[in-house]
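These protein sequences, in sequence, are chains A and B.
1 is the number of the first residue of the first sequence in the working numbering; add one for each residue after it.
118 is the number of the first residue of the second sequence in the working numbering; add one for each residue after it.
Glycine residues also receive a C-beta, built at the ideal position from the N, C-alpha and C atoms.
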Amino acid sequence: GAGVSQSPSNKVTEKGKDVELRCDPISGHTALYWYRQSLGQGLEFLIYFQGNSAPDKSGLPSDRFSAERTGGSVSTLTIQRTQQEDSAVYLCASSFFISGGVTDTQYFGPGTRLTVL
Amino acid sequence: KQEVTQIPAALSVPEGENLVLNCSFTDSAIYNLQWFRQDPGKGLTSLLLIQSSQREQTSGRLNASLDKSSGRSTLYIAASQPGDSATYLCAVRPGSQGNLIFGKGTKLSVKP
């Protein structure tokens, strides 16, 4: 079946502009995660959604970052007033549900490379 | 605060060698530990997931072990091949959260 897809694959924007990044999780997966990977840094957790529960936003670096998940499926990560330090690869992942067991395996999309000039 | 460390940061071996990648974490209260590989410019591919109650998992030439009390995991790759060249990432799921905390990875190069 189809894996996690993300769009766009690359995004170049000017400092101060807003950007939206999209993630389509694997069908049936109830948990969705956003991470970012900066050059020389590890993967950094941003936010995750589980079913209809309120999202865990504890990893968002500032209030310029927000995300929503519509209909329990597609998610959009929005970065307002982008800064150069926002340049990174933004990765989305989904899992069947959060249980601690094998169904907890997270499947990652190919990422969106964001460059802020 | 949970921290994940991977050693070495980079490793180069000749084809056919068996090798071990190391991962350590500071807080033993984890739900599970996952190993991923990342190819250049690509997303992550899940290799193995070890639940907190398990000691090891095997998939083909890969074997991952978990010693939760000492905060360590190893990924053993048998009979390495050039196609194994990638960055290998270790990640733990903390007990109280659903997200993963990642190490910075080990970049593996297998020479023909």
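List the residues of chain A that leucine 217 of chain B touches, going by C-beta distances under 9 Å, in chain order.
Tyr33, Tyr35, Leu43, Phe45, Ala93, Gln106
Pull up the distance between the alpha-carbon of proline 25 of chain A and that of phenylalanine 65 of chain A, whole angstroms please.
20 Å
Report the option in A/Leu43, A/Ser58, A/Lys11, A/Val4 whose CA atom is closest to the CA atom of threonine 30 of chain A.
For the residues A/Leu43, A/Ser58, A/Lys11, A/Val4, the minimum Cα distance to threonine 30 of chain A belongs to A/Val4.
Do leucine 225 of chain B and serine 202 of chain B have their beta-carbon atoms positioned less than 8 Å apart in this structure?
Yes. Within cutoff.
Aspartate 24 of chain A touches chain B at which residues, Cβ-Cβ below 7 Å?
What aspartate 24 of chain A touches in chain B: nothing, since even the nearest Cβ is about 13 Å away.
Assuming serine 163 of chain B contacts glutamine 83 of chain A (C-beta within less than 8 Å), just tell me the rounded distance between them.
Not quite, the Cβ-Cβ distance comes to about 32 Å (not below 8 Å), so this is no contact.
Could you tell me the distance, in whole angstroms, from the CA atom of tyrosine 193 of chain B to the CA atom of serine 182 of chain B?
8 Å
When burial is assigned at 16 or more other CB atoms within 10 Å of the CB, is arginine 154 of chain B buried or exposed?
buried
Here's a check: name, in chain order, each residue in its chain whose Cβ is nearer than 8 Å to the Cβ of proline 211 of chain B, leaving out the five neighbours to either side.
Gln119, Asp144, Ala146, Ile147, Tyr148, Ile218
Short of 8 Å Cβ to Cβ, which residues in the segment 150-167 of chain B face chain A?
Gln151, Phe153, Lys159, Gly160, Leu161, Thr162, Ser163, Leu166
Is tyrosine 35 of chain A near glycine 215 of chain B, with beta carbons less than 8 Å apart?
Result no, Cβ atoms of tyrosine 35 of chain A and glycine 215 of chain B do not sit closer than 8 Å.
How should serine 38 of chain A be labelled, buried or exposed, when 16 other C-beta atoms within 10 angstroms of its C-beta is the threshold for buried?
exposed
Find out if the Cβ-Cβ distance for the pair glycine 28 of chain A, glycine 160 of chain B is shorter than 8 Å.
no
Taking DSSP's pairing of strands, which residues face threonine 82 of chain A in a bridge?
Answer is none; threonine 82 of chain A lacks a bridge partner.
Near glutamine 174 of chain B, which residues of its chain fall below 6 Å by C-beta distance, leaving aside the five closest residues on each side in sequence?
Leu165, Ile167, Ala181
Quick check: threonine 115 of chain A and serine 9 of chain A, are their CB atoms within less than 8 Å of each other?
no
Report, in whole angstroms, the separation of the C-beta atoms of leucine 150 of chain B and valine 209 of chain B, which I expect to be a contact under 8 Å.
5 Å
Could you work out which residues of chain B lie near tyrosine 90 of chain A, taking near to mean beta carbons separated by less than 8 Å?
The contact set of tyrosine 90 of chain A on chain B, defined by CB atoms closer than 8 Å, is empty, because the minimum CB distance reaches about 11 Å.
Quick check: what's the CA-CA separation for tyrosine 33 of chain A versus proline 157 of chain B?
Going by the C-alpha atoms only, they are around 21 Å apart.
Checking the sheet assignment: what are the DSSP bridge partners for asparagine 10 of chain A?
In the DSSP output, where bridge partners are listed per residue, asparagine 10 of chain A has A/Arg113.
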